[in-house]
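Student:
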Amino acid sequence: AQSVTQPDIHITVSEGASLELRCNYSYGATPYLFWYVQSPGQGLQLLLKYFSGDTLVQGIKGFEAEFKRSQSSFNLRKPSVHWSDAAEYFCAVNNNAGNMLTFGGGTRLMVKP
Amino acid sequence: GAGVSQSPRYKVAKRGQDVALRCDPISGHVSLFWYQQALGQGPEFLTYFQNEAQLDKSGLPSDRFFAERPEGSVSTLKIQRTQQEDSAVYLCASSASMHNEQFFGPGTRLTVL
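Chains as they are written, first to last, in our numbering: chain C, 387 to 499; chain R, 76 to 188.
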């Protein structure tokens, strides 16, 4: 069965600092990988996705993620964090049948002024 | 271009009551998903429709949970004889087809007293 692990439950960074959120997945075949962001009281918004091809993918709001098959990782990065980036971030994997998403437990990002 | 909408946004039920949660997907979207998000956790898959056909209901936690999408558009998630452990945010998502991005609604927060 597929699974997603986000090792960091909470992360605090200073505004303007760089950010990396970790995501490890367990899946037998080539996965479809996603990062979503959830602000309080809001639904999930897709930041970026990886299906195939270039392992470095660019997303919205200045985020990027790199797929590393050898490490079963899909870490999310941003070079300079803004206060508005404070939210919960979820990594997810899609199974081969293309229906259900399996989510990690989430990482709550706090941004210090 | 309205997104996915869900109603009600908040629902308080007494233990043992039946509840019905509604999801209006993006017009024309073939696939519709329901997820359950417990407090402090990532969303967990409940069930999936392609048009009016329920193709996967493996995530429904018990036979008290029932979902339908009779005309291939609006979907209703019904929970009978609610229990305290049913308290969660219920998220609906739709996509144009399999392997496409899932667009999420704002969710319905269910509290069972």
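Even glycine gets a Cβ: it sits at the ideal position worked out from N, Cα and C.
Fair warning: this is a prediction, and the values are worked out from it, not measured in the lab.
(1) Strictly below 7 Å CB to CB, what residues from chain C border R:Phe-140?
(2) Mind checking if R:Tyr-165 is an interface residue toward chain C, Cβ cutoff 7 Å exclusive?
(3) Would you mind telling me which residues of chain R sit closer than 7 Å to C:Leu-495, beta carbon to beta carbon, in chain order?
(4) Within 7 Å (strictly less), CB to CB, does R:Phe-124 reach chain C?
(5) Drop a sphere of 10 angstroms on the beta-carbon of R:Thr-122, count the other beta-carbons inside from all chains shown, and report buried for 16 or more, exposed for fewer.
(6) Quick check on C:Asn-485 - is its C-beta less than 7 Å from some C-beta in chain R?
(7) Interface residues of chain C around R:Asp-99 at Cβ under 9 Å?
(8) Between the Cα of C:Leu-430 and the Cα atoms of C:Ala-403, C:Gly-492, C:Pro-499, C:Thr-416, which residue gives the shortest distance?
(9) Starting from C:Glu-474 and walking both ways along the beta strand (DSSP E), at which residues does that stretch end?
(10) Once DSSP output is grouped into helix, strand and coil, what is the label at C:Lys-464?
(11) Whose CA, out of C:Gln-392, C:Leu-434, C:Lys-498, C:Leu-405, lies closest to the CA of C:Ser-466?
(12) Do C:Tyr-418 and C:Phe-437 have their beta-carbon atoms positioned less than 7 Å apart in this structure?
(13) Any beta-carbon of chain R closer than 7 Å to the one on C:Tyr-476?
(14) Below 7 Å between beta carbons: does that hold for R:Ser-106 and R:Gln-125?
(15) Compute the distance between the beta-carbons of R:Leu-185 and R:Ser-150, then report whether it is under 7 Å.
(16) Please report the Cβ distance between R:Glu-176 and C:Lys-435, rounded to the nearest whole angstrom; I am assuming they are in contact, meaning their Cβ atoms lie under 8 Å.
(17) Taking the CB atoms as reference points, tell me whether C:Phe-420 and C:Ala-478 lie closer together than 7 Å.
(18) At a CB-CB cut-off below 7 Å, which residues of chain R make contact with C:Gly-491?
(19) Using 7 Å as the threshold, is the C-beta distance between R:Val-164 and R:Gly-182 below it?
(20) In angstroms with no decimal places, state the Cα-to-Cα distance between C:Arg-463 and R:Gly-103.
(21) Buried or exposed, going by whether 16 or more other CB atoms sit within 10 Å of the CB of C:Gly-439?
(22) Please compile the residues from chain R whose C-beta is within a distance smaller than 7 Å of the C-beta of C:Gln-428.
(23) Using beta carbons (cut-off 7 Å, strictly below), is C:Leu-432 in contact with chain R?
Tutor: Short version:
(1) Start at 1 with the first residue of the second sequence, and residue 140 of chain R comes out as number 65. Simply none; closest approach about 15 Å.
(2) Counting from one through the second sequence, the residue named residue 165 of chain R turns up at place 90. So, not an interface residue.
(3) Locating residue 495 of chain C in the first sequence gives position 109, counting from the first residue. Here the premise fails: no neighbours, minimum Cβ distance about 15 Å.
(4) The residue given as residue 124 of chain R occupies position 49 in the second sequence. No - not a single Cβ of chain C is within 7 Å of the one on R:Phe-124.
(5) Walking along the second sequence from the start, residue 122 of chain R turns up at place 47. With 16 or more Cβ atoms within 10 Å of its Cβ, R:Thr-122 is classed as buried.
(6) Looking up residue 485 of chain C in the first sequence gives position 99. Judged by the 7 Å Cβ criterion, C:Asn-485 is in contact with chain R.
(7) Counted from its first residue, the second sequence places residue 99 of chain R at position 24. Under the 9 Å cutoff, chain C gives no residues; its nearest Cβ is about 13 Å from R:Asp-99.
(8) Here residue 430 of chain C refers to the residue found at position 44 of the first sequence. Checked all of C:Ala-403, C:Gly-492, C:Pro-499, C:Thr-416; the closest Cα to C:Leu-430 is C:Gly-492.
(9) Position 88 of the first sequence, counted from the start, is the residue given in the question as residue 474 of chain C. Residues 473 to 480.
(10) Position 78 of the first sequence, counted from the first residue, corresponds to residue 464 of chain C. Strand, per DSSP.
(11) Looking up residue 466 of chain C in the first sequence gives position 80. For C:Ser-466, the nearest C-alpha among the options comes from C:Leu-405.
(12) Residue mapping note: residue 437 of chain C aligns to position 51 of the first sequence, counting from 1. Residue mapping note: residue 418 of chain C aligns to position 32 of the first sequence, counting from 1. Cβ distance < 7 Å, so C:Phe-437 and C:Tyr-418 count as in contact.
(13) Position 90 of the first sequence, counting from 1, holds the residue named residue 476 of chain C. Residue identity check: residue 476 of chain C is Phe in the sequence provided, not Tyr. By this cut-off, C:Phe-476 is an interface position.
(14) If you number the second sequence from 1, residue 106 of chain R lands on position 31. If you number the second sequence from 1, residue 125 of chain R lands on position 50. For the 7 Å CB-CB criterion, R:Ser-106 and R:Gln-125 form a contact.
(15) For this step, residue 185 of chain R is matched to residue 110 along the second sequence. For this step, residue 150 of chain R is matched to residue 75 along the second sequence. Cβ distance not < 7 Å, so R:Leu-185 and R:Ser-150 don't count as in contact.
(16) Position 101 of the second sequence, counting from 1, holds the residue named residue 176 of chain R. Position 49 of the first sequence, counting from 1, holds the residue named residue 435 of chain C. Sure, about 7 Å apart at Cβ, within 8 Å.
(17) Walking along the first sequence from the start, residue 420 of chain C turns up at place 34. Walking along the first sequence from the start, residue 478 of chain C turns up at place 92. Yes, they are a contact pair.
(18) As a working mapping, residue 491 of chain C is identified with position 105 in the first sequence. Going along chain R in sequence order, the residues near C:Gly-491 (Cβ under 7 Å) are Gln-116, Gly-117.
(19) Translated into the one-based positions of the second sequence, residue 164 of chain R becomes position 89. Translated into the one-based positions of the second sequence, residue 182 of chain R becomes position 107. Cβ distance < 7 Å, so R:Val-164 and R:Gly-182 count as in contact.
(20) As a working note, residue 463 of chain C is residue 77 in the first sequence. As a working note, residue 103 of chain R is residue 28 in the second sequence. Cα-Cα distance, rounded: 34 Å.
(21) Residue 439 of chain C sits at position 53 when you count from the first residue of the first sequence. When all chains shown are included, C:Gly-439 counts as exposed.
(22) Translated into positions along the first sequence, residue 428 of chain C becomes position 42. Within 7 Å Cβ-Cβ: Pro-181.
(23) As a position in the first sequence, residue 432 of chain C is number 46, starting the count at 1. For C:Leu-432, the answer is yes, since a Cβ of chain R falls inside 7 Å of its Cβ.
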